[in-house]
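Structure record follows, encoded as structure tokens.
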Amino acid sequence: MLEGRDPDAPPEAAPPREARQLLVFRVEASLYALPAGLVDHVSQLGPIVPVPTAPAHFAGVIHERGRVLAVVDLAQIFGAAEARAPRGYRRLVVLELQGRSLAILAHEVPGLREIDGDQIRPSSGGDAIAAGELDDARGVVTLLDPDELLHALRSGPEARRAS
Amino acid sequence: MPREAEVECVTIDHADRGFVVPLSEVVRFHAERPEDAGPEDAGPDAVSEDSVDGALELLDLDRLLGAEPAATRAACVLVVRPEGGPPLGFRTRGDVQLGRAPERTLFRLPSVLREAGCSGWVHGVVAGDRAPGAGDVPRIWISLLHLARSLERGA
């Protein structure tokens, strides 16, 4: 069997980004943020192909810029999705997490936001994926912990670690 | 200019997704015959009297793949022969075609999906401008031999 190309091959080198910049995006009614340094790019949503036997929090795979990316439905991780099929998404937030490329489905991406550390307060939900919260003109933004997010993707929502 | 390396394959297309199987795994494929269908109450998987192999166990590939088959399309049977075992037939109502996939269009499954427990028979993705069927919509690259072994272990 042929091995095929490595879908996790690193993209072209990106310029260094500010450590305290966050990318804010909306999934369903919830706002989330990730360190901007982890975000490779944001793009329009293309056709997603479901993968047999993949856990429900993976909507499938997408072919973009010569790479194949796993597509994550955060609503499934946070239990906000009523149906298995993702609905109404318009954007992809493409990340590099510990050498793994993946894309998160988003309904909207308001954009980058500069913050000071003291603007982040502890998360009220006690969820390990949530590294903290901050206020935004649109509402409360949940800052995601990249390591915990990757752990949840590998292990499934039910195996999420409580903080 | 050197010819691009290609892999002969069988494509199975449904309305919402497509799959690719290496042709090297498939002993033969043919339109489902009346004797393949089995008795009406046999359920999705059945045993038929195959003219070449005698008793041929038939499995519903569309159900295993989670694909929505077109009810009006005639079924096709893909036969594989697992090492040391009897031949096995996979029945599908997808559009079955022969194709050639350039090696550069074959991608392994992204590692995060492998780490999340995707089955080994879901080998990867075929995508790119010269992939069979072309376009940006990937097809899922599966191994029917690996699937047969998985089913045998799970039985």
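Line order of the protein sequences matches chains V and L. Here the numbering used here is used: the first residue of the first sequence is -5, the next is one more, and so on. Here the numbering used here is used: the first residue of the second sequence is 3, the next is one more, and so on. Where a beta carbon is used, it is the ideal one built from N, C-alpha and C, also for glycine.
| Check | Outcome |
| --- | --- |
| Between the Cα of residue 25 of chain V and the Cα atoms of V/140, V/134, V/139 and V/149, which residue gives the shortest distance? | V/134 |
| Hey, does residue 158 of chain L have any beta-carbon neighbour from chain V nearer than 8 Å? | The requested residue 158 of chain L is not part of the displayed model; chain L covers only 3 to 157. |
| Count the C-beta pairs between the segment 86 to 100 of chain L and the segment 113 to 131 of chain L that are closer than 8 Å, then say yes if the count reaches three, no if not. | no |
| On a CA-only basis, which of V/46, V/58 and V/92 is nearest residue 144 of chain V? Give me that one, please. | V/92 |
| Classify residue 62 of chain V as helix, strand or coil using the three-state DSSP reduction. | strand |
| Alpha carbon to alpha carbon, what distance is there between residue 83 of chain L and residue 27 of chain L? | 8 Å |
| Buried or exposed: residue 4 of chain L, going by 16 or more other Cβ atoms within 10 Å of its Cβ? | exposed |
| From what residue to what residue does the alpha helix (DSSP H) around residue 155 of chain L run? | 146 to 156 |
| Note down the Cα distance separating residue 75 of chain L from residue 34 of chain L, rounded to an integer number of angstroms. | 11 Å |
| Quick one: what's residue 87 of chain V bridged to in DSSP? | V/36 and V/98 |
| 8 Å is my cut-off, CB to CB: does residue 50 of chain V come that close to chain L? | no |
| For residue 96 of chain V, which residues of its own chain have a beta-carbon under 8 Å away from its beta-carbon, when the five flanking residues on both sides are left out? | 63, 64, 65, 66, 88, 89 and 147 |
| Shorter than 8 Å from the beta carbon of residue 117 of chain L to some beta carbon of chain V? | yes |
| Kindly say whether residue -2 of chain V, judged by its beta-carbon, lies nearer than 8 Å to any beta-carbon of chain L. | yes |
| Let me check understanding here. Comparing Cα to Cα, which of V/39, V/0 and V/31 lies closest to residue 86 of chain V? | V/39 |
| Could you pull out every residue in the same chain whose Cβ sits closer than 6 Å to the Cβ of residue 149 of chain L, ignoring the five residues on either side in sequence? | 123 |
| In chain order, what residues of the same chain have a beta carbon less than 8 Å from the beta carbon of residue 29 of chain L, not counting five sequence neighbours either side? | 81, 82, 83 and 89 |
| Short of 7 Å in beta carbon distance, which residues of its chain neighbour residue 147 of chain L, apart from the five on each side in sequence? Order them along the chain. | 27, 82 and 84 |
| Is the CB-CB distance between residue 9 of chain L and residue 105 of chain L below 8 Å? | yes |
| Kindly indicate the opening and closing residues of the alpha helix (DSSP H) around residue 64 of chain L. | 63 to 67 |
| Spatial neighbours of residue 117 of chain V within its chain, please: CB distance less than 6 Å, with the 5 preceding and 5 following residues excluded, ordered by chain position. | 124, 126 and 127 |
| Hey, how far is the Cα of residue 99 of chain V from the Cα of residue 58 of chain L? | 43 Å |
| Do residue 57 of chain V and residue 140 of chain L come within 8 Å of each other at the CB atom, strictly closer than that value? | yes |
| Roughly how many angstroms separate the alpha carbons of residue 101 of chain V and residue 91 of chain L, rounded to a whole number? | 43 Å |
| Less than 8 Å between the CB atoms is what I'm expecting for residue 69 of chain V and residue 21 of chain V, so what's the real figure, rounded? | 6 Å |
| Note down, in chain order, each residue of its chain lying with its Cβ closer than 7 Å to the Cβ of residue 18 of chain V, except the 5 sequence neighbours on either side. | 25, 27, 104, 105, 107, 130 and 135 |
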